[in-house]
Amino acid sequence: MDFIFNPIVNLYNGLSPTLQFTLWSLVKIAIAIGVLHAIAAYAVLVERKVSAWIQDRVGPNRVAPPFMKYVPILGPILTRMGIFQPLADGLKFMLKEDFTPSGVRKAYFWLAPALAVIPSLLVIAVIPFGSQMGNQKMVIADLNVGILYTFGIVSLGVYGIVLAGYAANSKYPFLGGIRSSAQMISYEIAMGMSVIPVFLIAGNLNLSQIIGWQTSHGWLVMYAPLSFIIFLIASFAETNRTPFDLPEAETELVGGYHTEYGSMKFALFFLAEYSNMVATSGMMVTLFFGGWTLPFWGLDQPAHSLGIGVLQILIFLAKLCVLMVLFIWVRWMWPRFRYDQLMDLGWRRFVPLALANILVTAIILWMKS
Amino acid sequence: MIVNRKPLTFWEKLYLPAIIGGLKVTMRHAWGTLFQGKKVTMEYPEQKWTVPEGYRGAPYLVKDQEGNTKCVSCQLCEFVCPPKAIRITPPGPAGQLADRSNAEKMPEEFEINFLRCIYCGLCQEVCPEEAIFLQKDYSITGLTRQEFIYDKEKLLALGGISPGIQKWKNKLEEAKEQETFPVKV
Numbered sequence: 050m051d052f053i054f055n056p057i058v059n060l061y062n063g064l065s066p067t068l069q070f071t072l073w074s075l076v077k078i079a080i081a082i083g084v085l086h087a088i089a090a091y092a093v094l095v096e097r098k099v100s101a102w103i104q105d106r107v108g109p110n111r112v113a114p115p116f117m118k119y120v121p122i123l124g125p126i127l128t129r130m131g132i133f134q135p136l137a138d139g140l141k142f143m144l145k146e147d148f149t150p151s152g153v154r155k156a157y158f159w160l161a162p163a164l165a166v167i168p169s170l171l172v173i174a175v176i177p178f179g180s181q182m183g184n185q186k187m188v189i190a191d192l193n194v195g196i197l198y199t200f201g202i203v204s205l206g207v208y209g210i211v212l213a214g215y216a217a218n219s220k221y222p223f224l225g226g227i228r229s230s231a232q233m234i235s236y237e238i239a240m241g242m243s244v245i246p247v248f249l250i251a252g253n254l255n256l257s258q259i260i261g262w263q264t265s266h267g268w269l270v271m272y273a274p275l276s277f278i279i280f281l282i283a284s285f286a287e288t289n290r291t292p293f294d295l296p297e298a299e300t301e302l303v304g305g306y307h308t309e310y311g312s313m314k315f316a317l318f319f320l321a322e323y324s325n326m327v328a329t330s331g332m333m334v335t336l337f338f339g340g341w342t343l344p345f346w347g348l349d350q351p352a353h354s355l356g357i358g359v360l361q362i363l364i365f366l367a368k369l370c371v372l373m374v375l376f377i378w379v380r381w382m383w384p385r386f387r388y389d390q391l392m393d394l395g396w397r398r399f400v401p402l403a404l405a406n407i408l409v410t411a412i413i414l415w416m417k418s
Numbered sequence: 039m040i041v042n043r044k045p046l047t048f049w050e051k052l053y054l055p056a057i058i059g060g061l062k063v064t065m066r067h068a069w070g071t072l073f074q075g076k077k078v079t080m081e082y083p084e085q086k087w088t089v090p091e092g093y094r095g096a097p098y099l100v101k102d103q104e105g106n107t108k109c110v111s112c113q114l115c116e117f118v119c120p121p122k123a124i125r126i127t128p129p130g131p132a133g134q135l136a137d138r139s140n141a142e143k144m145p146e147e148f149e150i151n152f153l154r155c156i157y158c159g160l161c162q163e164v165c166p167e168e169a170i171f172l173q174k175d176y177s178i179t180g181l182t183r184q185e186f187i188y189d190k191e192k193l194l195a196l197g198g199i200s201p202g203i204q205k206w207k208n209k210l211e212e213a214k215e216q217e218t219f220p221v222k223v
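Keeping their order, the protein sequence lines are chains A and B. In this text, residue positions in the first sequence follow our numbering: the first is 50, and each later residue adds one. In this text, residue positions in the second sequence follow our numbering: the first is 39, and each later residue adds one.
Okay, structure coming up:
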């Protein structure tokens with residue numbers, strides 16, 4: 050095998066460090082986005098299954114590729130679980146006619162889905178999804194201002210939705226866009242302020258080092274539970290999930306901001322919503338639940354072998370999935386907030402609460418020092 | 039009616055009782071569906087709904103207990119059918135005889151177009167021979183329009199045997215008895 054690998058290794062060693070870094074970053078980006086899309090696709094399946102169970106139904110249980118009926122025991126079980134449903138859903142989106150309604154503002158109409166999906170993909174750049182494999186850190190960009198970058202990018206997500214509402218030139222998307230902008234702005238502030246105590250405690254803005262702090266002191270959710278609760282609720286609002294799904298509110302606004310969209314453009318909004326869920330879940334895992342670490346079996350130290358490296362990535366994904374299921378579960382549990390209740394909760398409850406949280410944490414830390 | 043709205047207590051204002059209540063309800067339902075088989079839906083092509091008595095499904099032709107066609111091609115159902123779904127071709131003067139004794143004729147062809155049928159039951163009501171009944175089939179499917187036009191063989195095969203009276207069975211004996219005196223029947 051050497052005659053295959055040696056030229057590749059030689060070629061790689063011949064590259065400059067900058068090129069090597071670029072190469073590895075591209076590989077990591079490709080894998081991270083692939084995994085993100087897979088999680089988003091299967092989150093839709095989990096969403097449908099969980100909703101079915103809660104509503105006393107069975108959920109997707111039919112779709113299977115033709116050869117599946119020849120697979121003895123596994124085939125029926127997988128079909129019953131609906132494992133192939135996301136493939137069919139994706140294929141359906143691709144095969145649908147990409148229809149542009151006549152009344153829309155065309156340029157914005159085409160731009161909006163891209164603007165919605167790009168920020169949701171960019172957020173995962175700073176989330177450490179594993180310790181290291183070989184000498185590569187398992188994070189795409191190990192920024193010193195990781196969390197500031199995240200908040201900057203997340204707040205861009207609203208533009209896609211507002212633009213979609215404006216571009217559709219129709220009343221329901223317009224109402225959805227208006228609601229979305231008001232909602233996102235008011236919850237952004239509470240969300241940003243809720244994590245300040247975390248950084249006061251950990252003393253760092255770099256997400257990798259926050260995980261490092263948690264390995265020696267314990268998970269931050271125990272130090273700042275109020276921060277976690279505010280962050281969790283604000284992230285429900287940020288990702289437009291029930292009970293704060295006012296922008297799409299199927300029962301009152303038809304489809305909300307994506308009423309006029311179909312086929313792949315609609316799929317992009319869908320993808321953006323689920324990628325946002327993945328990104329905020331990843332953020333919560335990193336900030337409050339110790340990221341890729343577990344406090345036993347030495348899993349809280351950076352990996353020295355490939356196996357442990359993979360295991361730590363799986364730990365991160367497992368924690369992420371638990372939070373994703375929480376997001377999905379809550380959607381089928383509570384009714385939607387009214388618009389004024391939502392604003393009231395954001396501005397008059399969570400902003401003061403987050404401010405008080407900062408103050409109390411700061412005073413305690415000052416007393417201790 | 040004026041509903042008396044009580045002001046919420048502090049505990050209720052925290053949304054916590056509502057949150058816990060929601061968690062409990064959804065958990066109970068998910069658990070019941072997953073592990074106790076309490077689902078309320080039916081998986082249609084495998085499990086079918088059993089229709090109640092008197093359900094008006096597709097009308098089919100029936101045979102008598104001896105397997106003979108009961109229809110005598112009187113064309114009353116064709117005449118009464120509001121959407122004109124039934125088309126009967128009578129045998130004509132030189133046509134085939136009925137497949138049972140005593141009956142004069144039977145239809146050469148009997149077609150029901152299920153794209154037109156409205157399942158009203160007037161054919162069953164008007165039939166003097168009790169030869170057509172609305173049965174319990176509610177899923178009439180096909181890939182072409184032609185597949186929805188059921189011919190005599192298909193209607194008879196789907197209709198089955200009717201346990202009703204056999205109006206013509208003893209007609210010959212009865213007619214012969216009419217000749218004798220005193221009348222026995």
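Backbone N, C-alpha and C define an ideal beta-carbon position, used for all residues, glycine too. The model shown is predicted, which means the values in this text are computed figures rather than measured ones.
One alpha carbon belongs to Ser-418/A, the other to Phe-338/A, and they sit about 25 Å apart. Our two residues, Phe-223/A and Val-153/A, have alpha carbons roughly 12 Å apart in a direct line. Following the DSSP letters along the chain, one finds Arg-380/A in no beta strand (DSSP E) but inside the alpha helix (DSSP H) bounded by residues 355-380. In the structure shown, the three-state DSSP call for Tyr-98/B is strand.
In this structure the stretch 77-92 of chain B does not touch the stretch 184-195 of chain B; the number of beta carbon pairs closer than 8 Å is below three. Between the stretch 95-115 of chain B and the stretch 166-176 of chain B there are three or more C-beta pairs closer than 8 Å, enough to call the two in contact. In the three-state reduction of the DSSP assignment, Tyr-157/A falls in the helix class. The contact set of Gly-60/B on chain A, defined by CB atoms closer than 7 Å, consists of Met-382, Trp-383 in chain order. By the C-beta density criterion, Arg-66/B is exposed, having fewer than 16 other C-beta atoms within 10 angstroms. Taken atom to atom, the span from the alpha-carbon of Ile-279/A to that of Asn-59/A is near 52 Å.
Across the stretch 396-410 of chain A, no CB contact with chain B closer than 7 Å is found for any residue. When Met-373/A, Thr-300/A, Phe-133/A are compared, the shortest CA-CA separation from Arg-387/A is found for Thr-300/A. Within the stretch 90-107 of chain A, those residues whose Cβ lies closer than 8 Å to any Cβ of chain B are, in chain order, Val-99, Ala-101, Trp-102, Ile-103, Gln-104, Asp-105, Arg-106, Val-107. Think of a sphere of 7 Å around the beta carbon of Lys-76/B: the chain A residues whose beta carbon falls inside it are Asp-105, in chain order. The beta carbon of Pro-292/A is closer than 8 Å to those of Phe-285, Val-379, Trp-383, Pro-384, Arg-385, Phe-386 in its chain, skipping five residues each way along the sequence. Legend: CB atoms of the stretch 356-385 of chain A lying less than 7 Å from CB atoms of chain B belong to residues Trp-378, Trp-381, Met-382, Trp-383.
The beta-carbon of Thr-179/B is placed no less than 8 Å from the nearest beta-carbon of chain A. Think of a sphere of 9 Å around the beta carbon of Leu-72/B: the chain A residues whose beta carbon falls inside it are Trp-102, in chain order.
In the DSSP assignment, the residues bridged to Phe-171/B are Tyr-98/B. In this structure, DSSP gives Glu-147/B an extended state, which the three-state scheme calls strand. Take the alpha-carbon of Leu-144/A and the one of Leu-363/A: they are about 34 Å apart. Between Gly-206/A and Ile-227/A, the C-beta gap is not smaller than 8 Å, which leaves the two residues out of contact. Beta-bridge analysis with DSSP links Met-182/A to Gln-185/A. Residue contact with chain A for Ala-68/B: present (Cβ-Cβ distance below 8 Å to some residue of chain A). Boundaries for Thr-308/A: no beta strand (DSSP E) harbours it, and the DSSP string shows neither H nor E there.
Counting every other CB atom within 10 Å of its CB across the protein chains shown gives Pro-162/A a total of 16 or more, marking it as buried.
Going by beta carbons, Tyr-310/A and Val-93/A fall outside the 8 Å limit.
Cβ neighbours of Gly-180/B within its own chain (closer than 6 Å, five residues either side excluded): Phe-186. Put simply, of Lys-205/B, Glu-149/B, Gly-197/B the residue whose alpha carbon is nearest the alpha carbon of Glu-167/B is Lys-205/B. One alpha carbon belongs to His-307/A, the other to Thr-47/B, and they sit about 39 Å apart.
For Arg-397/A, there is no enclosing beta strand (DSSP E), as DSSP gives it neither H nor E. When the five nearest sequence neighbours on each side are left out, the beta carbons in the same chain lying within less than 7 Å of the beta carbon of Thr-329/A are those of Ser-284, Glu-287, Thr-288, in order along the chain.
Looking at Gly-105/B, Trp-49/B, Gly-92/B, Thr-71/B, the one whose alpha-carbon comes closest to that of Ala-101/A is Thr-71/B.
Cβ proximity to chain A below 9 Å picks out nothing from the stretch 201-215 of chain B. With contacts defined as CB atoms closer than 8 Å, Pro-109/A and Gln-134/A qualify as a contacting pair. Taking 8 Å as the Cβ-Cβ cut-off, the stretch 73-107 of chain B approaches chain A at Lys-76, Lys-77, Val-78, Thr-79, Glu-81, given in chain order.
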